[in-house]
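Protein chains in written order, with the working numbering: chain A, 1 to 343; chain B, 1 to 379. Even for Gly, the Cβ is constructed at its ideal location relative to N, Cα and C. Comments concern the structure below.
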C-alpha cells in the first residue's frame, strides 16, 4: 500500500538574489512499513522536499502534490496539517540538542506532545506512556531518566528521546532527517538498531534522509538519489549499490573512503554542485560528469533502465550500461539512447 | 635551545631519525565549575590522562576516538594552545612544555592547525586574503623578516592557488565560499608559514563525501610536495585508514591501541578498537548484512570520574575481574612487533570475535553488566 505519494514537487524560495529552485520536479512514493532513503549532498533539496510535505517550508513557492492517506498535504489547511504532523507523521531531526527544549524535562516534552494530540489522556497515563517509550528506545532506568533535562542526556540518548517522542502517537510514517549525522559511529550503530526495532515492532514506514551511503546500505529498502533539486536515480537497495546507472551515483559511491581499500588517493567528483538560482540548462550534473556528451544539454527525465520498472535513471546514456568502461565507450560513440521515446 | 629551533638549515641535519614531536605522559585536567579564590573546585575533568606518543618526520599519525575522548584536547596540548597539567612535550628535540610565549614564537610557525568547523574558524567580517595573510603579518616571512603588504598579497595568492582556490577571489568574504572551499581557506592559512607539523582536527568531518574526497586528495598531495608531517584527528576510521601511516586509538583520555594503519585493521588487539571498527558503516549491502556488528552498551563514562582499572571495562564485552583493578600499560601484546601496542589485559587474538562474548567480572558486578547488555535491544 502506498502511504505517501509525492508527485512533481517544485519548491522555490524567493531571495534578494532571485528564486532558489531548491526542489525541481521530484516524485517519490513510500510504501507502508518500508524504508525509503533519500540520498544526496548538502543543497540537493532532500530535506526541503520532505519538509514541504509536512508543511514546514513557510513562504516558499510550492507546486505539485503530496498525497498522504488520501489527503493532499500541500493543499491542506493548517488545522488539517496539525492533526497529521506529529500524530500520523513523526519527525526526527539531525541535531538532537536543538530539537529538544532545554528548559523542560524530557518527560514533560513527551507528555506535552501526547496530550497535544489526545486531550482525553490523563497526565499520569501520558507520563506512563513516556516512560514506556523511553524504555522502548533503550534508555536505561527510563522511570528515573524521564525527569532529566536534555543537557543531562548524552547526544545518543537525546536522539533516542527524539525517536521516543516521534513514535509516541504510533505514526504510520517517520521522517528521519539525518538522524545519525551528528553522532559518533558507535552511537550511530545504536540509533540505527533502535530505528530498525521500531519499524519491526510498530510497522512504521520510514523516510530516511541522509548523505551517508553507509547507513543507507544497511537499512533502506528503496533509495532515491537527489542532485540539484532533482531525482537522478531510483532503485532498490541492492540494485542501486551493485548496478547503478547514473554517473552521479557512480561518483558518490566512488568517493567513499570505505569503498576504496587501502591507503592513498580517493576518486572525488570534480567541481561543486551548481547554483540553484540559475540551474544549468539540461542535465544538472553535466558540468561535473565524465561522460557528458552533446545530448546532455537537454534535460533528461527519469526512465526505466535495465528493463526494470523499479529502477529509473535520469541520464541520456543507454539504459543497459552498468560499467564504467561501457559508459566511456558510449560517450565516445556518442550514441543516443532509448530514452528517445518518453515512456 | 630555542635558538636552535629558529635556525632553519641547521636543524634539519639535527638527527633526522628522531621523531618530530614526542609527548610523554601528558596529563591535562580542567577544573569543573566556577572556581574563585574563595571557592576551590575539587572536581576535575580528566581530559587527557597520561598519553605518550611520538610523531615521526613525514608521517601521518591518525588519532581516532569518540566525541569526548580527549583527542582534540590532546591536539591542543601538543600545539601548546593549552598548558599541560603534567608531562612533557618536545618538538624537534626541544622541550616546549613550559616555554614562554616569546620562546614559543618560533615553534608556532612550525606547528599549525586546521580546524573542523569551516564556518566557525573563519572571521565572517574579514576578507579571505587578509585571513590567509594573518600568520604572515604576525610572524613575517620564513626568515622572520616582516613583509610588505604587496609581498603578502603575492604570497597569499600563491597559497590560494596551492590549495585549489581561485587567487582572484582574494577580496571575497568567507560567506561567498562553500564549506569545502572554506576548509581550503583554513588550510591555506595553516600553510602560510610553511609549518612542518600540521594538526588537522576533523578537517573533513563537516564535508559531503565528494568534497571530502577532494580535500583528502589535496592533503595527500600537499604532504608529498611540502614534506609535511600530519597529526590527523577524526572519528571516522574509514577516512583515517586512507591517509595514515600509523593510527592511535583513544578512549577516555588514554591511548588504548597504536599500530601501523593496515595492521590495526587486520590484527586488532583492543576490544574497543574492534568495536569501533565494527560500527563503521560500509557502503555495501551484502557486507553490511553479512557482518555482525558489536553494538557497545551505554555511553562514554564521565571523564570527571573515570572508571577504575581499564577505563573501558564497564562497556567491554571481554572484561574480566582483573580489568576492574589493574590499569593496563600500552605495550606490545601477544608477540606483536614493538610498533603495535595495546593497553589491554585480555587482548583479542587473530580471528577471535567479540560478538557473543560476555563479560565475567566478580559475581556482584556481572549482574549489572548482564542487565546492560540486554538493554539496547529495545525489548
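Minimum Cβ-Cβ distance from residue i to chain B less than 8 Å
| i | result |
| --- | --- |
| residue 278 (chain A) | no |
| residue 28 (chain A) | no |
| residue 193 (chain A) | yes |
| residue 238 (chain A) | yes |
| residue 190 (chain A) | yes |
| residue 38 (chain A) | no |
| residue 211 (chain A) | yes |
| residue 184 (chain A) | yes |
| residue 156 (chain A) | yes |
| residue 7 (chain A) | no |
| residue 218 (chain A) | yes |
| residue 172 (chain A) | no |
Presumed contact (8 Å Cβ cut-off) between residue i and residue j, rounded CB distance
| i | j | result |
| --- | --- | --- |
| residue 303 (chain A) | residue 247 (chain A) | Incorrect: roughly 15 Å between the Cβ atoms, too far for contact. |
| residue 195 (chain A) | residue 206 (chain A) | 7 Å |
| residue 247 (chain B) | residue 64 (chain B) | 6 Å |
| residue 139 (chain B) | residue 193 (chain B) | 6 Å |
| residue 70 (chain B) | residue 253 (chain B) | 4 Å |
| residue 51 (chain B) | residue 26 (chain B) | 5 Å |
| residue 114 (chain A) | residue 76 (chain A) | Contact doesn't hold; Cβ gap of about 22 Å is too wide. |
| residue 171 (chain A) | residue 193 (chain A) | Actually they do not touch by this definition, with Cβ atoms about 20 Å apart. |
| residue 107 (chain A) | residue 130 (chain A) | 5 Å |
8 Å Cβ cutoff, residue i in contact with chain A
| i | result |
| --- | --- |
| residue 112 (chain B) | no |
| residue 342 (chain B) | no |
| residue 373 (chain B) | Note that residue 373 (chain B) scores 40 on pLDDT, short of 50, meaning its location in the model is unreliable; the coordinates nonetheless yield the value given after this. Not closer than 8 Å to any Cβ of chain A, the Cβ of residue 373 (chain B) fails to qualify, so no. |
| residue 337 (chain B) | no |
| residue 67 (chain B) | yes |
| residue 209 (chain B) | yes |
| residue 235 (chain B) | yes |
| residue 299 (chain B) | yes |
| residue 220 (chain B) | yes |
| residue 139 (chain B) | no |
| residue 227 (chain B) | no |
| residue 313 (chain B) | no |
| residue 241 (chain B) | yes |
| residue 308 (chain B) | no |
| residue 370 (chain B) | For residue 370 (chain B), the pLDDT reaches just 40, beneath the cut-off of 50, and the residue's location in the model is therefore unreliable, leaving the point undetermined. |
Per DSSP, cross-strand counterpart(s) of residue i
| i | result |
| --- | --- |
| residue 154 (chain A) | Beta-bridge pairing links residue 154 (chain A) to no other residue. |
| residue 9 (chain A) | A:26 |
| residue 396 (chain B) | Outside the displayed span of chain B (1 to 379) sits residue 396 (chain B), for which this structure offers no information. |
| residue 46 (chain B) | B:29 |
| residue 232 (chain B) | B:62, B:200 |
| residue 90 (chain A) | A:174 |
| residue 206 (chain A) | A:35, A:174 |
| residue 54 (chain B) | B:22 |
| residue 113 (chain B) | B:199 |
| residue 20 (chain A) | A:13 |
| residue 4 (chain A) | A:30, A:68 |
| residue 306 (chain B) | Beta-bridge pairing links residue 306 (chain B) to no other residue. |
| residue 227 (chain A) | A:230 |
| residue 311 (chain B) | Beta-bridge pairing links residue 311 (chain B) to no other residue. |
Cross-chain neighbours of residue i in chain A, by beta carbon under 8 Å
| i | result |
| --- | --- |
| residue 217 (chain B) | 265, 266, 268 |
| residue 180 (chain B) | 272 |
Per-residue contacts from residue i into chain A (C-beta, under 7 Å)
| i | result |
| --- | --- |
| residue 238 (chain B) | 257, 258 |
| residue 214 (chain B) | 268 |
Neighbour list for residue i in chain B, Cβ cutoff strictly below 7 Å
| i | result |
| --- | --- |
| residue 215 (chain A) | 281 |
| residue 41 (chain A) | 208, 210 |
Neighbour list for residue i in chain A, Cβ cutoff strictly below 9 Å
| i | result |
| --- | --- |
| residue 125 (chain B) | Ordered by position in chain A, no residue passes the 9 Å Cβ test against residue 125 (chain B), which lies about 20 Å from the chain. |
Q | Against chain A: residues of the region 262-296 of chain B by CB proximity under 7 Å | A | Within the region 262-296 of chain B, the residues whose Cβ lies closer than 7 Å to some Cβ of chain A are 275, 276, 279, 280, 281, 282, 283, 284, 285, 288, 293, 295, 296, listed in chain order.
Q: Below 7 Å between beta carbons is the criterion; list the residues of the region 242-255 of chain A that meet it against any residue of chain B, in chain order.
A: Listed by position along the chain: 251, 252, 253, 255.
Q: Scan the region 151-165 of chain B for residues whose Cβ lies nearer than 8 Å to a Cβ of chain A and list them as they occur along the chain.
A: So the list is empty, because no residue satisfies the distance condition.
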